[in-house]
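Residue numbers (the numbering used here): 3 to 316. Here is the structure we will look at, set down as structure tokens.
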């Protein structure tokens, strides 16, 4: 009788081209099982590990290809990386109506502990896009992380919720030919406690929770290094992101703001694949590559000389 795990080979994958191994894990996060993917280099690992924090609702699905790619590229550069489904998403045990912003923050912190236990990482960085960036910032604040990368972070939860309701109203009109304004959805939310926004349930409790988010005010003691990336069509610096960068620096951290320009900047966080001449076309490929390249360069520039020597001498 053998004790070998017949599914073992299915739980890990090696990419010799990138020089990485990926392992599927089933950790407990926020009190229930979920699925996580740990990406590690085949050679010596750097001491800083990264947690990828996903966004909210359908935005989580639209940004997932970018998050997968940046995780693999970071691992290829020597960093261990963990990405996971917060409760209410993907293959997590709890249903979609259990998803919330605060549970995503708690999940990210628990994922950081898992990454340190699994790889021996002595430092942790958080990375996220849109609302995932806001999650990353709050998680980094809570556990005194060493690094933070924010791609087009959501600064004010109230405005984000308003945008979700507008999107839901547009989808309702396009799919059913029924005109329903943002105020109608807000009224429905007040009466029933839940509305459907692009196929994802938005609960009143989550709206109230998100509406209180002000990222500038939430940052009070993060002392690590941070990169804030603005995705822009014009290249004109946003005042709120400059203010955030100043806030990160004023509480003791080292912060920089970079701008990635792209003609389709407004589509960031939306559907990236479209059918063209019978083929699936990626409309955000160049933007994704720019974001990943900027981030990798920043991460490698921030390495301590001892870390670089340890990796080169491995």
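Here a beta-carbon is modelled for each residue, glycine too, at the ideal position from N, C-alpha and C.
A Cβ-Cβ distance of about 29 Å is found for the pair residue 121 and residue 217, leaving them out of contact under the 8 Å criterion. Taking the Cα positions, residue 277 is about 41 Å away from residue 250. For the pair of segments examined, the stretch 183 to 198 was found not to touch the stretch 123 to 138: the number of CB pairs separated by less than 8 Å stays below three. Looking only at 59, 114 and 76, the smallest Cα-Cα distance to residue 30 is reached by 114. Using a Cβ distance threshold of 7 Å, residue 129 and residue 238 do not count as a contacting pair. Minimum Cα-Cα distance from residue 242 among the listed residues 91, 48 and 157 corresponds to 157. Counting the other CB atoms within 10 Å of its CB gives residue 97 a total below 16, which places it among the exposed residues.
Residue 211: member of the alpha helix (DSSP H) spanning 206 to 213, first to last residue. Per DSSP, the continuous beta strand (DSSP E) segment holding residue 125 begins and ends at 125 to 131. Under the DSSP definition of a beta bridge, residue 52 partners with 83 and 127. Leaving aside the five residues that flank residue 56 on each side, the residues in its chain whose CB is nearer than 6 Å to its CB run, in chain order, 62 and 134. In terms of Cβ geometry, residue 59 and residue 44 do not form a close pair [threshold 7 Å]. Within the same chain, Cβ atoms closer than 6 Å to the Cβ of residue 151 are found at 129, 229 and 297, the five residues on either side in sequence being excluded. In the assembly as shown, residue 265 is an exposed residue. Its beta-carbon has fewer than 16 other beta-carbons within 10 Å. Residue 153 and residue 248 have their C-alpha atoms spaced approximately 16 Å apart. Each of 46, 65 and 18 was checked against the Cα of residue 293, and the nearest Cα belongs to 65.
For residue 62, there is no enclosing beta strand (DSSP E); the enclosing alpha helix (DSSP H) has its first and last residue at 60 to 78. Here residue 197 is buried, its C-beta having at least 16 other C-beta atoms within 10 Å. In the same chain as residue 240, and ignoring 5 residues on each side of it, the C-beta atoms closer than 8 Å to its own belong to 232 and 234, in chain order. Here residue 171 is buried, its C-beta having at least 16 other C-beta atoms within 10 Å. The Cβ atoms of residue 214 and residue 123 lie no closer than 7 Å to each other.
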